[in-house]
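Before any comments, here is the structure.
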Ligand code: PMP
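Residue numbers (my numbering): 23 to 305.
Here you go:
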C-alpha cells in the first residue's frame, strides 16, 4: 500500500499525470526513513532534513511534523514487515510545462518497502568501492529527486561489481554516490565536514554521536584524496546500509584488506543504539 495525494492505495493503482514537474523537471525532494520494529528511526531528524530540502527548492512543507508522523504510522501499519524503509517524495505538482513556479498543489507520494539487513558476507569480508570525480551540482545538501549524476556515478561502481562510487571534488572527499564516507587512519575516525557539497546524512550524525559518547578519537575535517588512498579503514554509512566496511578501493586493498576494529566497534555500537531507541523511544 502506498500513499498518494491524500489516499492510500495499492501501488498498482497509483498514477500521476505526465505533466507532473517531478517527471518533467525532476522538480522535487525526497527522504528515505528506516523503520525498525515498526517505528521510524530518527524521525525528527529526517523531517528536519526534509524541511531543509524543501526550503532549498522554495517549496512549502505540506504537513506539520505531527501530520507526517501520523501519516507514516498509518502507512507502516498497512504494510508487511517489522523492519521497513519509507520513501517519501514531494514534487511541485502538475502544471503546463514552464520553468516558472506554478500555483498548484504539490504531489505527495509515500511508499514503504521491506528493509533487509546488508548481506552478512559484506560485513564479514567488506565491500569494494571505486573513486570518481564528483561532477554533481553544488547543492548536494538538498535531497533532490533529480539524481541523474548520482545514478551515472553509482552505475560506474555497478559496472565493476563494486558497491559504491566514492566522490572526490578538488582533491577532497565529499561522500558516496548514495552514502556518506568515513576514513580511519591511526585509530582516528575522520569525517568530511557538512557543507553544500554533501548530504547531511542521518547515519553520519549517529556515527559521530556514538564516537563522541564512547571516547572514539574522531575529527571532522577535510579529508584529502591522498588520505583516502592511505586509509587503514574506509566506512560507508546510509539509512538502508547502516555501516559497511569498504575493504577494496579501485581494486587495491584498504589497509590489510579486512574489516577493521573501528568498523566492528561502530557496528556493534550502532546495533546497541538501535535496540535502545526501539525499546525506549517512539522515534
Ligand atoms: N549521501 C547521499 C548522496 C545519499 O543518497 C545518502 C543516502 N540517502 C546518504 C549520503 C546517507 O544519508 P542517510 O544516512 O541519511 O541515509
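Just so it is clear, CB atoms sit at the ideal spot from N, CA and C, and this is done for glycine as well.
Q. Assuming residue 110 and residue 57 make a contact with CB atoms under 8 Å, what is their CB distance in whole Å?
A. Here residue 110 refers to the residue found at position 88 when the chain shown is read from its first residue. Here residue 57 refers to the residue found at position 35 when the chain shown is read from its first residue. Not really, about 12 Å apart at Cβ, beyond 8 Å.
Q | Cα-Cα separation, residue 266 to residue 135 | A | The count along the chain shown starts at 1 and reaches residue 266 at position 244. The count along the chain shown starts at 1 and reaches residue 135 at position 113. Approximately 21 Å, taken between the alpha carbons.
Q: Go ahead and pull the three-state DSSP assignment for residue 198.
A: Along the chain shown, one-based indexing puts residue 198 at 176. It is a strand residue.
Q: Between the Cα of residue 160 and those of 63, 147, 171, spot the shortest distance and give me the residue it belongs to.
A: Along the chain shown, read from residue 1 onward, the residue named residue 160 stands at position 138. It is 171.
Q: Would you decide whether residue 66 is buried or exposed? Buried here means 16 or more other CB atoms lie within 10 Å of its CB.
A: On the chain shown, position 44 is the one that residue 66 refers to. Per the 10 Å Cβ criterion, exposed.
Q) How many Å lie between residue 250 and residue 28 at the Cα? A) Along the chain shown, one-based indexing puts residue 250 at 228. Along the chain shown, one-based indexing puts residue 28 at 6. Answer to the nearest angstrom: the Cα atoms are 46 Å apart.
Q.
Quick check on DSSP: helix, strand or coil for residue 273?
A. Walking along the chain shown from the start, residue 273 turns up at place 251. Looking at residue 273 - three-state DSSP - the assignment turns out to be coil, as it is neither helix nor strand.
(Q) Only counting the same chain, and skipping five residues up and downstream in sequence, which positions put a Cβ closer than 6 Å to that of residue 270? (A) Taking the first residue of the chain shown as position 1, residue 270 is located at position 248. Same-chain partners within the cutoff: 150.
Q.
I'd like the list of long-range same chain contacts for residue 68, defined as Cβ closer than 7 Å, with 5 residues on each side in sequence excluded.
A. As a working mapping, residue 68 is identified with position 46 in the chain shown. Excluding residues within five positions, the ones whose Cβ falls inside 7 Å are 53, 55, 224.
Q: Using alpha carbons as the reference points, say which of 259, 236, 279, 229 lies closest to residue 253.
A: Here residue 253 is taken as the residue at index 231 of the chain shown, counted from 1. That would be 279, whose Cα lies nearest to the Cα of residue 253.
Q | Proximity to residue 156 [Cα-Cα], best of 263, 175, 145 | A | The residue labelled residue 156 in the question sits at position 134 within the chain shown. Here the closest residue by C-alpha is 175.
(Q) If distances are taken between C-alpha atoms only, which option among 98, 199, 37 comes closest to residue 260? (A) Looking up residue 260 in the chain shown gives position 238. Closest option to residue 260, Cα to Cα, is 199.
Q.
Is residue 225 a contact residue of the ligand PMP, with contact defined as CB to any heavy atom under 7 Å?
A. Position 203 of the chain shown holds residue 225. In this structure, residue 225 has its CB closer than 7 Å to one or more heavy atoms of the ligand PMP.
(Q) Taking a contact to mean a Cβ-Cβ separation below 8 Å, would you say residue 41 touches residue 119 in this structure? (A) Taking the chain shown and counting its residues from 1, the one referred to as residue 41 is at position 19. Taking the chain shown and counting its residues from 1, the one referred to as residue 119 is at position 97. In contact: residue 41 and residue 119 (Cβ atoms closer than 8 Å).
**Q.** Through-space distance from residue 106 to residue 130, alpha-carbon basis
**A.** For the purposes of this step, residue 130 is taken as residue 108 along the chain shown, with counting starting at 1. For the purposes of this step, residue 106 is taken as residue 84 along the chain shown, with counting starting at 1. C-alpha separation (whole angstroms): 19 Å.
Q.
Does the beta-carbon of residue 144, which I'm using as the reference point, lie nearer than 7 Å to any heavy atom of the ligand ZN?
A. The ligand ZN is absent from the structure shown, which contains only the ligand PMP.
Q | Integer Cβ distance of residue 76 from residue 51, believed to fall under 8 Å | A | Locating residue 76 in the chain shown gives position 54, where the first residue counts as 1. Locating residue 51 in the chain shown gives position 29, where the first residue counts as 1. Correct: roughly 6 Å between the Cβ atoms.
Q: Identify every run of the beta strand (DSSP E) within the segment 44-81, keeping only runs that are complete inside it and at least 3 residues long; order them along the chain.
A: 50-58
Q) Do residue 149 and the ligand PMP come close, with the Cβ less than 7 Å from some heavy atom? A) Position 127 of the chain shown, counting from 1, holds the residue named residue 149. No; taking the cut-off as 7 Å, the Cβ of residue 149 has no heavy atom of the ligand PMP nearer than that.
**Q.** Collapsed DSSP secondary structure at residue 88 in the structure displayed
**A.** To locate residue 88, count along the chain shown from 1; it is residue 66. In this structure, residue 88 counts as helix in the three-state DSSP scheme.
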